[in-house]
Structures are given as structure tokens and as C-alpha cells.
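In the UniProt record's numbering, the protein residues as written are 1 to 568.
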């Protein structure tokens, strides 16, 4: 009994007689040859069809769709005869060699790890402008600078926000995470800078910056200060809604009016506006609304026919001018600028503005941010507080001791007792302080102290603190406090330029910077430091700072926010 290969495409060949070769071959060998013949023939036909239009896809492998796997119908009788008959072993080997030559010349036999390097010019895998300017893994290279000029290169994903990057830098540099760190967009050529909002994508902001621009990592205590004390940022004479009600507006209602998109608050007042392509300034009555910044062509009139658009809020950002009033010949020192996002180095396209004082400038810039971002700012402000509330359940101390639970104790007798009389408690504290001073002075007389003794360290230990900045000028201290936010209680200490043995406390109160000199004084042969003409004396600057962080004393307010710098 013999077997005949029956082609599924040609049922008419069932009546044909078997060939002489089929009668001579063994039955099992004939079946094996038939299977190899059909498999190689189908592979060869499908490959021939794919060579014309198969694009390179995943790792250089051809896309195998149903249309490419359909075999071509035989047309000639010779082809039909070959399909219905078995093939010689030599023919099968020859077909294998041809197939191997075809595969090595057209497509790789193994998955190609770099398909874009060997794909043709017409392939959709690699085309002009199709690859992003980033790493293959979707990472972008960002360079961050600190205030001392040192930089650090970091690799971030495309969806990383400014808050996430600040948290990453805080963790990497072992900084204190007090939710006051910020990423600053700095343009040295234009003399502008602004603090990025926490929700902004860093990669998108970098795309609108020039090669000279850079990111700075620094503190900014005033970023959300207007949520804590809105009345100091929005004077009633500048808020049109407050003037229309003829009464005092609660702070919560004032903020809700700004955050509610359906309301129509308005900031109004005089501003100096620099004319385009000129050096002259004009004093105009300006209105800031959700739709944009307008000025009145007729006094203080609000009629639509008297209003002209100065700047749009949607495609612009507000910046602080850091170059000083001399560069732009500004009438005051309180400059700010509205910069369109499309503008890079064109100074003529900038809208330069100038306010009367620091409070007015803070009001205009804060209102610009509220009108532009709205409820997003409030969400950015609440996120750190919510995270702190969640962590407090896990990091709460075993017991809580408040200042009200601390009492004065007298241990002079055999049994300790609580001192209820406040006068007696104060005299006991003073007596204990004098005893400590005498004990320290006696140790100095008996012998020279070691370098690690507290009396020898008191003169230099303050230099290790973040709030001490050494020999910086008065102008530099003003600049540092202004950059990190003029909020009440911000302070730094520095060496005095007029007295080499004295120090200066520079602090901010009501957006004004004040200076207090710390002078040395001597008592019973021991040196102390005093801020109030020896009324309160301290052994070192650390003790002084800790005291005024708890007590106001002669200062306008308590010390709260140290002005610090970090080295990346």
C-alpha cells in the first residue's frame, strides 16, 4: 500500500496515478518527506509574500498577520504537479539552503536588541523627530544649583513635580524637612526669578527655559504665608470687594472669595508701568482680574471702554526682578515682571511693573498666583499638613509634656517640694544661674580648660549653626532674607562689620528688615553677650537664639525661621 500527498487546493488530483518514484520509495520515508515538503513550502511562500511590505516592529521581528500567512494559489500545471507529488531529499536540502540564505540576507534569525539601528529609512520605528530628547527609559537630566553656586545633576522622570524633586533633594542632602524648600526658576540674562508651584512639572518648565537659565534649590517661607495671615497680604484699600462692602472682611471669607472660581474679586491700585521698547515709566491705575491685568485710560474709571489689557494670566507667569532699579531705571526698588511663556531672552516682550512698597508688590504677585491657579494652591498648601497628620499617629512620643505642666521645684531640703509662689520660683532660678556661673568661673581659675571645655567652645560653637553666616555685608543679609521670603520671625546672625567683637541679628517683621547689635559684656571676670544693654546676658549665641525663639524680649517678634543655605 502506498501514500499520496493530497493538496488541499487541488481536489481534482485525487484520480491521478502515483508516480514511479513514489512506488520505489519506502512508505515511512515518503511520509517524512511529504511532511518536510509541505512545511518548508508554506514557510517559503509566506516569507516571499512578506518581503515586499513587512515593517520592522518589536525587536526587529516581522509582523505576522493573517493576510501574510495566506499561500499563493498555483497557476501553472507544473506547480500543481509539484504540490501533489513528494520531493527528492536533495530537493528538500536545496530548499533548506535557499531558505537559510534568504533569512540571513533579509531578517535576523534571533531577536535584534537594537531594531532602530538596522531598520530601513522608511520604517516607522525611526523617523525624524519621533524620538524624544531624553534617555531611552523616559528619564530627563536636570541640573540643580545651590545658593553657593555648586550644582548637582539628577535624573528624573517626565511626570515629576517640583514638590517631588524638592523632597528628593531634601532626602539626598539630609536637610530638615519643614516643607519650606522650593525650586526656583532663575534667568540671569533677564534678571528674573520665580518659585515654581508644587504641582508644576519640572520637565515642562525646563522646556521653556534657555541654556543660560537654571534651577535653584533654596528655602521659601513665604510661599503659602498668605493662607496663614491673609490680611497682611491683601490690604483692604487694594481689594475692591472689601471697599464695596464698607466693612471688615473675615480672613476666611477673603480667601474663599479668591479661591472660588465663580466669584469676581479684583485688586486695584496704582502701579508704575514701563513702556514697551522705552526706558520711561508711567503711573497708571491698574486692575487685576481673573481675565487679565488692565489699566484705565481715564483716571480710576472701571468702565469697559476705558480699560485696556496689559497682560494675560493664562500663558504668563509673574517673576521678581533681582537686578535692582538701576538696570531698568525703575522709580522704586519693588519691581516685578509678567513674562509670557513663549518669551525667552527678548526683554522688549516683558511687562515690567513697579509698586510703591513691599506690601503692595506682595499683594499683586500673590493675587496673580491665586487668579491663575486657584484651588490648586490651597491643595498644595494642605498636602504637607495632611501628611504630617498621618505620620503623627506613628511617630507620637510615649508621653506629651507641655510647658504648662512644668513646675518649679526646690530640692534644698531632704524632700523636694513644688514652689507655688512665682516670685520665689524666679529668685530660685536666678540663684541657680548665679551658682552655675560661679562654678564655671572656679573651674577656669583652677586650670586652663581643654579645647572641648564649654567655656572655650562658647566663642566658636555658633559657627556650626545654620543661622550663622559669618562676615557677610548688610546688603547680602537683606538679599538672603528677601530671597527666602519676608515673613515675620525670619532671622540670621552675622559678624559685625563695625565692631570685630560684636555680632548682628538681622530679622524680618511686617515685611521690613531690622538689625540688632549683640555686644559683649563682662561680669565677675566672665564674658557674656547681650542684646538689651546687659539686661539679659548669655554665655554664647546659641543660648541667645534659643531664648529669643521662646521669648520676644526687646525684639518686635519671636525668632521663628532661620535663614539657611544648603550645599548640594
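We put the CB at the ideal spot given by N, CA and C, even for glycine.
Just so you know, these numbers come straight off a predicted model, no measurement behind them.
Rank the options by C-alpha distance to the C-alpha of residue i and give the top, closest one.
i           : options            : result
residue 217 : 417, 352, 505, 172 : 172
residue 320 : 473, 426, 415, 482 : 482
residue 192 : 344, 155, 358      : 344
residue 233 : 528, 511, 386      : 511
residue 142 : 205, 531, 430      : 205
residue 499 : 517, 508, 487      : 517
residue 378 : 272, 413, 276, 255 : 255
residue 147 : 495, 215, 373      : 215
residue 291 : 190, 373, 505, 528 : 373
residue 543 : 356, 529, 429      : 529
residue 475 : 548, 236, 496, 263 : 496
residue 407 : 568, 501, 424      : 424
residue 269 : 277, 295, 257      : 295
residue 208 : 316, 541, 503, 332 : 316
Inspect the beta-carbon positions of residue i and residue j and report whether they are closer than 7 Å.
i           : j           : result
residue 566 : residue 175 : yes
residue 367 : residue 288 : yes
residue 489 : residue 560 : yes
residue 306 : residue 300 : no
residue 140 : residue 203 : yes
residue 337 : residue 350 : yes
residue 554 : residue 532 : yes
residue 293 : residue 310 : yes
residue 251 : residue 235 : no
residue 487 : residue 225 : yes
residue 422 : residue 179 : no
residue 477 : residue 506 : yes
I need the straight-line Cα distance from residue i to residue j, nearest angstrom please.
i           : j           : result
residue 149 : residue 469 : 16 Å
residue 152 : residue 341 : 26 Å
residue 411 : residue 537 : 26 Å
residue 491 : residue 329 : 31 Å
residue 259 : residue 253 : 10 Å
residue 274 : residue 280 : 6 Å
residue 535 : residue 515 : 18 Å
residue 211 : residue 187 : 10 Å
residue 266 : residue 240 : 6 Å
residue 493 : residue 513 : 13 Å
residue 334 : residue 479 : 13 Å
residue 460 : residue 325 : 39 Å
residue 181 : residue 427 : 43 Å
residue 318 : residue 545 : 36 Å
residue 145 : residue 183 : 10 Å
residue 369 : residue 359 : 16 Å
residue 564 : residue 417 : 43 Å
residue 262 : residue 314 : 17 Å
residue 471 : residue 508 : 19 Å
residue 199 : residue 165 : 11 Å
residue 121 : residue 162 : Residue placement at residue 121 cannot be trusted, given a pLDDT of 42 that sits under 50; the coordinates are not used to answer.
residue 283 : residue 557 : 35 Å
residue 238 : residue 354 : 15 Å
residue 562 : residue 375 : 29 Å
residue 160 : residue 154 : 12 Å
residue 356 : residue 365 : 13 Å
residue 61  : residue 158 : Per-residue confidence for residue 61 stands at a pLDDT of 43, beneath the threshold of 50, marking its modelled position as unreliable; the derived number appears in the next sentence. Their Cα atoms are separated by approximately 29 Å.
residue 347 : residue 339 : 9 Å
residue 361 : residue 371 : 15 Å
residue 568 : residue 189 : 23 Å
residue 550 : residue 521 : 23 Å
residue 387 : residue 156 : 23 Å
I'd like to confirm the pairing. Which residues does DSSP put opposite residue i in its beta bridges?
i           : result
residue 561 : 490
residue 385 : BP columns for residue 385 are empty, so no partner.
residue 281 : 274
residue 526 : 523
residue 267 : 239, 288
residue 317 : 339
Quick one: give me the first and last residue of the beta strand (DSSP E) that residue i is part of.
i           : result
residue 157 : 151-157
residue 144 : 139-145
residue 311 : 307-311
residue 218 : 214-219
residue 337 : 335-340
residue 586 : Residue coverage of the chain in this structure runs from 1 to 568, which leaves residue 586 outside it and unanswerable.
For residue i, decide whether its Cβ has a neighbour in chain B, counting only Cβ atoms nearer than 7 Å.
i           : result
residue 533 : Note that chain B does not occur in the displayed structure, where there is just one protein chain.
Which residue marks the beginning of the alpha helix (DSSP H) containing residue i, and which one marks its end?
i           : result
residue 172 : 162-172
residue 193 : Element bounds for residue 193: not the alpha helix (DSSP H) but the beta strand (DSSP E), 192-195.
residue 351 : First-last for residue 351: 351-354, but that is the beta strand (DSSP E), not the alpha helix (DSSP H).
residue 545 : 541-550
residue 225 : 225-228
residue 328 : 325-328
residue 207 : 202-207
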